[in-house]
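Undergrad:
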Amino acid sequence: MKITDYLAIYAAALSTLVFLWNLRQARPRIKVTILPGLTDKGETPRFGAFIIVKNMSPLEVHLSASRLLYRHKKPSLKEKLMHILKYRQIPRNIGWVQSRFSYYDVDDEFPLSLGARKAHRIFIPESALEKIAIESGDRTIRCNIQDELGNNVLSKKFTWNKPR
Numbered sequence: 011m012k013i014t015d016y017l018a019i020y021a022a023a024l025s026t027l028v029f030l031w032n033l034r035q036a037r038p039r040i041k042v043t044i045l046p047g048l049t050d051k052g053e054t055p056r057f058g059a060f061i062i063v064k065n066m067s068p069l070e071v072h073l074s075a076s077r078l079l080y081r082h083k084k085p086s087l088k089e090k091l092m093h094i095l096k097y098r099q100i101p102r103n104i105g106w107v108q109s110r111f112s113y114y115d116v117d118d119e120f121p122l123s124l125g126a127r128k129a130h131r132i133f134i135p136e137s138a139l140e141k142i143a144i145e146s147g148d149r150t151i152r153c154n155i156q157d158e159l160g161n162n163v164l165s166k167k168f169t170w171n172k173p174r
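In the numbering used here, the protein residues as written are 11 to 174.
(1) DSSP three-state call for Leu45: helix, strand or coil?
(2) Quick check on this structure: which residue in His82, Val107, Ile151 has the alpha carbon closest to the alpha carbon of Thr169?
(3) For Lys64, collect the residues of the same chain with a Cβ closer than 6 Å to its Cβ; drop the 5 residues on either side in sequence, then sort them by chain order.
(4) As a quick exercise: from Arg98, Phe60, Leu69, pick the residue whose alpha carbon is nearest that of Phe111.
(5) Mind checking who Tyr80 pairs with in its DSSP beta bridge?
(6) Determine the contact status of Ser67 and Pro121, defining contact as a CB-CB distance below 8 Å.
(7) Who does Ile62 pair with in a DSSP beta bridge?
(8) Using three-state DSSP, classify Asp117 as helix, strand or coil.
(9) Express the C-alpha separation of Thr26 and Ile134 in angstroms, rounding to a whole number.
(10) Would you tell me roughly how many angstroms separate the C-alpha atoms of Lys12 and Asn32, rounded to the nearest one?
(11) With C-beta atoms as the reference, is Asp118 less than 8 Å away from Ile132?
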């Protein structure tokens with residue numbers, strides 16, 4: 011093989027890598043995290059949870075809605091299988107109840123446009139967390155963020171303990 015053959019192979023591999031990189035960068039990527047925290051707005055610090063919505067892409071993302079999810083019941087294996095057969099998708103939200111933040115007097119400031127590599131925070135006070143715990147009997151929540159095209163991004167489960 012001549013050196014031109016090696017250069018052609020190198021150019022093809024490099025071209026493919028650049029194409030895949032551009033595809034990855036062209037898609038908006040949103041990450042949702044729930045963390046415990048304190049806020050100092052007001053006279054005294056308040057315990058609660060922060061929902062942090064991060065735009066990980068170099069593009070602006072238009073977000074339309076946010077929902078708070080709490081567990082209503084743990085689904086059985088039969089319910090999961092029936093969901094897979096009926097809807098042909100992974101059963102991620104079976105047994106979870108979706109509610110608006112306004113029900114718990116929390117301002118989520120949605121809809122909003124999130125700039126490239128920016129983040130948005132939503133604070134859920136302890137009183138709202140306790141209301142969720144009373145309604146559901148569980149101390150586990152999740153957050154669902156929806157963009158303008160209807161794509162949903164779910165956070166991981168967050169379980170909080172009552173502070174002493």
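All C-beta atoms in this analysis are idealised placements derived from N, C-alpha and C, irrespective of residue type, glycine included.
TA: To lay it out plainly:
(1) In the sequence shown, counting from the first residue as 1, residue 45 sits at position 35. Reduced to three states, the DSSP call for Leu45 is strand.
(2) Numbered from 1 along the sequence shown, position 159 holds the residue referred to as residue 169. Cα-wise, what sits closest to Thr169 is Ile151.
(3) As a working mapping, residue 64 is identified with position 54 in the sequence shown. So the qualifying residues of the chain are Lys41, Ala129.
(4) Taking the sequence shown and counting its residues from 1, one reaches residue 111 at position 101. Phe111 has its Cα closest to that of Phe60, out of Arg98, Phe60, Leu69.
(5) By 1-based counting over the sequence shown, the position of residue 80 is 70. Val107, Ile151, per the DSSP bridge assignment.
(6) Locating residue 67 in the sequence shown gives position 57, where the first residue counts as 1. Locating residue 121 in the sequence shown gives position 111, where the first residue counts as 1. No; because the gap between Cβ atoms is not below 8 Å, this pair is not in contact.
(7) Residue 62 sits at position 52 when you count from the first residue of the sequence shown. BP columns for Ile62 point to Thr43, Arg131.
(8) Looking up residue 117 in the sequence shown gives position 107. Coil at Asp117, not helix or strand.
(9) As a working note, residue 134 is residue 124 in the sequence shown. As a working note, residue 26 is residue 16 in the sequence shown. Each residue's Cα considered, the two are about 45 Å apart.
(10) Position 2 of the sequence shown, counted from the first residue, corresponds to residue 12. Position 22 of the sequence shown, counted from the first residue, corresponds to residue 32. Distance between the alpha carbons of Lys12 and Asn32: 31 Å.
(11) Taking the first residue of the sequence shown as 1, we reach residue 118 at position 108. Taking the first residue of the sequence shown as 1, we reach residue 132 at position 122. A contact, by the Cβ cut-off of 8 Å.
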